[in-house]
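In full-length UniProt numbering, the protein residues as written are 1 to 162.
Yeah, the Cβ is synthetic: ideal placement off N, Cα and C, and Gly gets one too.
The model shown is predicted, which means the values in this text are computed figures rather than measured ones.
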């Protein structure tokens, strides 16, 4: 009986799809990180931009730690989007192998005044569908997470308080 349960569990685990999107910090201008989202799959994907680097809102797109490794508290926004009737401009199609780069100002979501050096990581939760058509409802979308490697920034102290 245990063998049968293990077989079913193994098959269920193999059905979990890998995330077709990767995220990487490709550079920074002081405390403004340039975050690249790449479609690593073989088909086009249409991504919901809300609560990602592809959105204009100051959401939790980065994790920031000071030079000692202490996580800084997030001070941005959590945006709750409606589930149906989402405007078409809230979606972006990314072709296989294509990368889209967005700038993320860490000073909009973390207090960087007095922080001489910080380590950042891009953390993204993507809602997406395979193909180029935006869905009618967010419930129709798959979800996956992607995390970048670490990147060191030197906040511009003349601008972080703005």
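Burial state of residue i, where buried means 16 or more other Cβ atoms lie within 10 Å
{"i": "residue 80", "result": "exposed"}
{"i": "residue 78", "result": "exposed"}
{"i": "residue 154", "result": "exposed"}
{"i": "residue 20", "result": "buried"}
{"i": "residue 143", "result": "exposed"}
{"i": "residue 116", "result": "exposed"}
{"i": "residue 69", "result": "exposed"}
{"i": "residue 106", "result": "buried"}
{"i": "residue 87", "result": "exposed"}
{"i": "residue 131", "result": "exposed"}
{"i": "residue 38", "result": "buried"}
{"i": "residue 71", "result": "exposed"}
{"i": "residue 67", "result": "exposed"}
{"i": "residue 82", "result": "exposed"}
{"i": "residue 27", "result": "exposed"}
{"i": "residue 41", "result": "buried"}
Boundaries (first-last residue) of the beta strand (DSSP E) holding residue i
{"i": "residue 104", "result": "99-105"}
{"i": "residue 91", "result": "91-94"}
{"i": "residue 145", "result": "142-147"}
{"i": "residue 126", "result": "118-130"}
{"i": "residue 64", "result": "62-66"}
{"i": "residue 183", "result": "Residue 183 is absent from the model: the chain starts at 1 and stops at 162."}
Neighbourhood of residue i by C-beta distance below 6 Å, restricted to the same chain and skipping five residues each side
{"i": "residue 113", "result": "160 and 161"}
{"i": "residue 175", "result": "No statement about residue 175 is possible, as the shown extent of the chain runs from 1 to 162 and does not include it."}
{"i": "residue 119", "result": "65, 150 and 152"}
{"i": "residue 18", "result": "none"}
{"i": "residue 93", "result": "44, 46 and 132"}
Cut-off 7 Å between Cβ atoms - residues of its own chain near residue i, not counting five sequence neighbours on either side
{"i": "residue 75", "result": "109, 110 and 111"}
{"i": "residue 16", "result": "Residue placement at residue 16 is flagged as unreliable, the pLDDT there being 49, under the threshold of 50; the coordinate-derived value follows with that caveat. So no residue of the chain qualifies."}
Beta-carbon separation (whole angstroms), residue i vs residue j, contact threshold 8 Å
{"i": "residue 104", "j": "residue 35", "result": "5 Å"}
{"i": "residue 48", "j": "residue 138", "result": "6 Å"}
{"i": "residue 30", "j": "residue 156", "result": "4 Å"}
Residues near residue i by beta carbon distance below 8 Å, same chain, minus five either side
{"i": "residue 60", "result": "51, 74, 76, 78, 109 and 123"}
{"i": "residue 140", "result": "129"}
Cβ-heavy atom distance, residue i to the ligand GTP, below 7 Å
{"i": "residue 151", "result": "As for the ligand GTP, it is missing from this structure, which has no ligand bound."}
Min CB distance residue i to chain D below 8 Å
{"i": "residue 41", "result": "The question asks about chain D, but that chain is absent: this structure has only one protein chain."}
_Quick check on the DSSP output: what are the complete beta strand (DSSP E) runs of length 3 or more inside the region 18-46, in order along the chain?_
Complete beta strand (DSSP E) runs here, min 3: 21-29 and 32-39.
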